[in-house]
Structure formats: C-alpha cells, structure tokens
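Report on the structure given below.
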Amino acid sequence: MLICKPSDIKPSDITPQNIFHRRREIIKAAGLGAIMLANGGFSPAAFAAEIVHKPKIPGFRKTSHGGGEKLTSYEDITTYNNFYEFGTSKENPAANSALFKPSPWSITVEGEVGKPGKIALEELLKLAPLEERIYRMRCVEGWSMVIPWVGLPLSALIKWAKPTGNAKFIEFISAADPNTMPGVRAPLLDWPYLEGLRMDEAMNPLTILAVGLYGEQLQNQNGAPVRLVVPWKYGFKGGKSLVRIRFVEKMPQTTWMRAGPTEYGFYANVNPEVEHPRWSQATERRIGSGLFSRRLPTQMFNGYSEQVGQLYSGMDLRKHF
Ligand SMILES: Nc1nc2c(c(=O)[nH]1)N[C@H]1C(S)=C(S)[C@@H](COP(=O)(O)O)O[C@H]1N2
Ligand SMILES: [Mo]
Numbered sequence: 207m208l209i210c211k212p213s214d215i216k217p218s219d220i221t222p223q224n225i226f227h228r229r230r231e232i233i234k235a236a237g238l239g240a241i242m243l244a245n246g247g248f249s250p251a252a253f254a255a256e257i258v259h260k261p262k263i264p265g266f267r268k269t270s271h272g273g274g275e276k277l278t279s280y281e282d283i284t285t286y287n288n289f290y291e292f293g294t295s296k297e298n299p300a301a302n303s304a305l306f307k308p309s310p311w312s313i314t315v316e317g318e319v320g321k322p323g324k325i326a327l328e329e330l331l332k333l334a335p336l337e338e339r340i341y342r343m344r345c346v347e348g349w350s351m352v353i354p355w356v357g358l359p360l361s362a363l364i365k366w367a368k369p370t371g372n373a374k375f376i377e378f379i380s381a382a383d384p385n386t387m388p389g390v391r392a393p394l395l396d397w398p399y400l401e402g403l404r405m406d407e408a409m410n411p412l413t414i415l416a417v418g419l420y421g422e423q424l425q426n427q428n429g430a431p432v433r434l435v436v437p438w439k440y441g442f443k444g445g446k447s448l449v450r451i452r453f454v455e456k457m458p459q460t461t462w463m464r465a466g467p468t469e470y471g472f473y474a475n476v477n478p479e480v481e482h483p484r485w486s487q488a489t490e491r492r493i494g495s496g497l498f499s500r501r502l503p504t505q506m507f508n509g510y511s512e513q514v515g516q517l518y519s520g521m522d523l524r525k526h527f
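Residue numbers for the sequence shown follow the numbering used here, so the first one is 207 and each next one is one higher.
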C-alpha cells in the first residue's frame, strides 16, 4: 500500500521449498536459538511465528467456485499478510496478533436499516449455510494468491438487517483495540480501518463474509473471526475482524481513499488497464510460485468479469478507479 513496494519478496520464494521446510523442522526441534543459525542471522522475524492450526469448521459445503488453479499453501496464506493493525510488514500480523481475542464476537448493524442492533457471530453463522469458495485474490501491490475460504454470502446479513430505501452503500468497520493491536497505537492509518461497497456490489453472490480458510477457523492475521472477501477487487477492500457495518446513503470515504486519494479509489476493481500511479497493474506474482517464475497477466475484474462486469456497465473505470 502506501509504504509497501510491489517488489515485496517472501522468504519461501528465495529459498528452495525443501530447504524452507527443512529449516522449519530445525526451528521446531531446536527452538528460538536455531532460528538465527538456520537463517544465517537473516530476518528471523519471518520464521519466529509458528503457525498453530485452528479448529476445523464442521459441515460446510463445497461449491463449484474455483478449481483448476493450484491453491496457495496454508503457510503462505497465514504468514504473508497485510493487516496494518498489527504492523506494516508482511510477517508482522502473524507475529504480533497473538493477544487479539476473536471471541466472543458480535457485529453492530446500524444506519439505514429496519433492524439496527448487534448480531452475535453464532447467530450470523445460522443465516446461511457455510460454503467453501476458492477465490483468486489480487493485492494492489502486485502479488496474488488462491485461497479456499469458508464463509457465507454477505447478502444473508444484508437481508437480516432489512436496509431502507436510503441505503445505497455499506461501510465495513474493523476492530481497533490499542491493547491487542500494536499498529493501532501508531498513526499509520486513520483508525478504525473502514471499507465500503455499493449496495449491488455487496449483494453480489461472489461477495462473502469469510470465517475460515482451508476448512479451519481464521487465524487472527487473516481477520478472525469474520472478514469481508470481494474477489474481483484489490485485497484492501476485504476489511478484517469486522465489528460494525453501517448502511449509508452517500459513498463512504474509505481508509485508503483518505490515506492516498490519488492512489486508491472507492471502486478498486482489479483492472490491468488502470495503472497505480507508481506502478503498472498489468501483471502479478503468484505467491509461492518461486522467485524466478514468470509474472502472470492480471485479468480484468480478477477473472470474474462474467459475474460482475454488468455492475459497472456505462461507468468510466479510469475515472472510477
Ligand atoms: N482491518 C484491515 N483489513 C485489511 C487490511 C488492513 O490493513 N486492516 N489490509 C487489506 C489488504 S491491503 C489486503 S491485500 C488483505 C490481505 O488479506 P490476507 O492477509 O488475509 O491475505 O486484507 C485487507 N484487509
Ligand atoms: Mo493489499
């Protein structure tokens, strides 16, 4: 984003996979001292956070979404993150989020709705069957992943909230607890993190609230216990650890629009034809594919044109970037 460069490189891309995993075994066996040794003193932070698996989610159904593409490894999905509430570098969220408590949890629903109030996570999970959705994810920084999310359509919560005729947009507000989120104690962004969607984007069946990945509950660093996933938009639209959604009449001023209005627009649709002011968006690097692998051509709407293209018919997507 503002601080990150498109050239961010993961240790697993530099190191041959087998050595990377071997090194993890060494670290596991010998503890912290070995980390420095195994890495030759280089960047121990990336290896310090041992990822402990989360409880399995029972009874979600598989869907036809995704398929074909190779899934990004659990390791990469849970250690290469953007979550500025826990720091600005990719390994920070895994390393710094252990104190964050994703339960008990509820989401406050407010604004232009017939049913304002709070919904507990347990109630939210009953609004629609949980499904696995394998989605391509594309970050504005120029990298991408393929993630098997578990979640439910956002439309289920919208229907529960009974929006009024004035509800044209939805704001999604993330947790901002300075006691458990060290990044929030610094003025990195205008906290709390706020994202927004137009109502028809929010109602699109591709838009989900994710509560898990690889069949397990979300790790804190991925936005536990519930986060937005909008696969045809750049990753930053997917607000994490949501505590509040607000139905509004006017287009929200999102956190990234406020941080860099010339760099980050409201729509943030994946669009290889519209450059970020400081770099091209024509290609992407698939995380885990190796440092020397070819960059992939980025697809319009991240490859979801058929499902979402009509939402933007008649709009000038250079102006509404
Ligand atoms: N609250 C919050 N949500 C956030 C962010 C953040 O910094 N804070 N980063 C965004 C960005 S830029 C990306 S690419 C995705 C990354 O999600 P992942 O780490 O689960 O892959 O989360 C998005 N959601
Ligand atoms: Mo991102």
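Just so it is clear, CB atoms sit at the ideal spot from N, CA and C, and this is done for glycine as well.
- Following the DSSP letters along the chain, one finds T314 inside the beta strand (DSSP E) bounded by residues S312 to G317.
- At least one heavy atom of ligand 2 falls within 8 angstroms of the beta-carbon of Y440.
- Pairwise C-beta distances place the segment 345-360 in contact with the segment 265-278, as three or more of them are shorter than 8 angstroms.
- When C-beta atoms of the segment 392-405 are compared with those of the segment 284-304, three or more pairs fall below 8 angstroms, so the two segments count as touching.
- Where S350 is concerned, there is no enclosing alpha helix (DSSP H), although the beta strand (DSSP E) around it starts and stops at W349 to P359.
- Taking the Cβ of E291 as the reference point, every heavy atom of ligand 2 lies at 8 angstroms or farther away.
- The beta carbon of E297 sits no closer than 8 angstroms to any heavy atom of ligand 2.
- The continuous beta strand (DSSP E) containing E490 extends over residues T489 to R492.
- The DSSP-derived three-state label of Y518 is helix.
- A367 sits buried, since 16 or more C-beta atoms from the chains shown fall within 10 Å of its C-beta.
- Under the three-state reduction of DSSP, F375 is assigned to strand.
- Linking G471 to E422 through their CA atoms gives a straight-line distance of about 33 angstroms.
- Between the alpha carbons of E328 and P369 lies a gap of roughly 22 angstroms.
- Straight-line measurement puts the Cα of I376 at about 11 angstroms from the Cα of T460.
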